[in-house]
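Enquirer: If you're matching positions, the sequence shown starts at 10 in this note's numbering and goes up one per residue.
Ideal placement from N, C-alpha and C gives every residue a C-beta, glycine not left out.
Owing to the predicted nature of the structure, the values given are computational and were not obtained by experimental measurement.
Sharing a structure below in structure tokens format, with a few things to ask.
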Amino acid sequence: MSTRRTPALSVVFDLDGTLVDSEPNYYEAGRRLLARYGAPDFTWEHHTRYIGISTRETLAALRAEYGIEAPVDELLAGQDALYLELARTSTEVFPEMRKFMERLHQEGIPMAVASGSSRAAIEAVLTGTGLGAYLTAYVSADEVAHGKPEPDVFLEAARRLDATPGDCVVLEDAAPGVTAAHAAGMRCIAVPYVASPAGDAVFTAAELTFRGGQAEFTAQAAYEWLTGARPS
């Protein structure tokens with residue numbers, strides 16, 4: 010491993026849809042959960058409306074939409090249990106993202122994950138995929154006051170990295186995350202998970218956007234931009 014360190018640079022990754030393709034697992038867990046509470050018509054298209062929003066906030070919205078009487082904490086526990094069953098065994102890492110993390114790790118660049126998922130879900134994915142070996146820290150939205158698009162989770166990640174927000178670059182797949190990164194005073198590389206909103210003004214405002222999503226993203230292109238764009 011190289012000991013060379015790129016000065017004044019830390020990288021903060023969103024997890025779901027950015028590092029790993031966990032959205033199919035989240036959708037299936039949500040579909041099963043809602044069916045338990047009498048809502049069997051939850052579709053993939055419906056699920057995509059909540060990509061980038063924390064699990065707790067998503068469930069609060071779905072609870073209101075479907076008129077579910079159970080408290081959010083009960084729904085969250087049920088969702089987490091269903092998701093963890095899937096996350097431990099069937100989470101796919103985007104290959105170029107793994108290459109990117111490996112490159113940053115070799116260069117000694119500190120990395121964190123800042124996710125809307127629960128801490129247990131983050132741990133299951135990072136352990137199951139081996140990505141945890143590259144990270145200095147990770148933060149769940151459950152550990153801060155507000156989820157994305159508020160900046161709390163990214164600011165807490167910077168604090169745990171002992172980094173200045175202006176020296177951090179965020180990788181995100183969803184508009185709420187891009188908004189949160191900028192609200193935190195961080196630059197952002199956007200890799201949209203859902204193709205349809207890739208032309209959204211929020212993505213246009215990102216410092217670097219791979220409009221074709223993971224199909225367009227390459228570790229080499231991201232690394233060249235990252236090291237060329239760092240503050241002097």
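1. Hey, which unbroken runs of the alpha helix (DSSP H) at 4 residues or more fall wholly within the region 88-117?
2. Suppose you measure from the CA of T173 to the CA of V162; what does that come to, to the nearest Å?
3. From this set, D182, R65 and D50, which residue's C-alpha is nearest E152's C-alpha?
4. Go ahead and pull the three-state DSSP assignment for V153.
5. Tell me which residue opens and which closes the alpha helix (DSSP H) that A199 is part of.
6. What number of angstroms, rounded off, separates the C-alpha of R13 from the C-alpha of H114?
7. To the nearest angstrom, report how far apart V203 and A183 are at their CA atoms.
8. Tell me whether P80 is buried or exposed, calling it buried when 16 or more other Cβ atoms sit within 10 Å of its Cβ.
9. Could you spell out where the beta strand (DSSP E) holding F22 opens and where it closes?
Expert: Well, looking at it:
1. 104-115
2. 14 Å
3. R65
4. coil
5. Careful: A199 lies outside any alpha helix (DSSP H), inside the beta strand (DSSP E) at R196 to A199.
6. Caution applies to R13, whose pLDDT of 47 falls short of 50 and renders its modelled position unreliable; the value that the coordinates give is listed next. The alpha-carbon atoms of R13 and H114 are separated by roughly 10 Å.
7. 8 Å
8. exposed
9. S19 to F22
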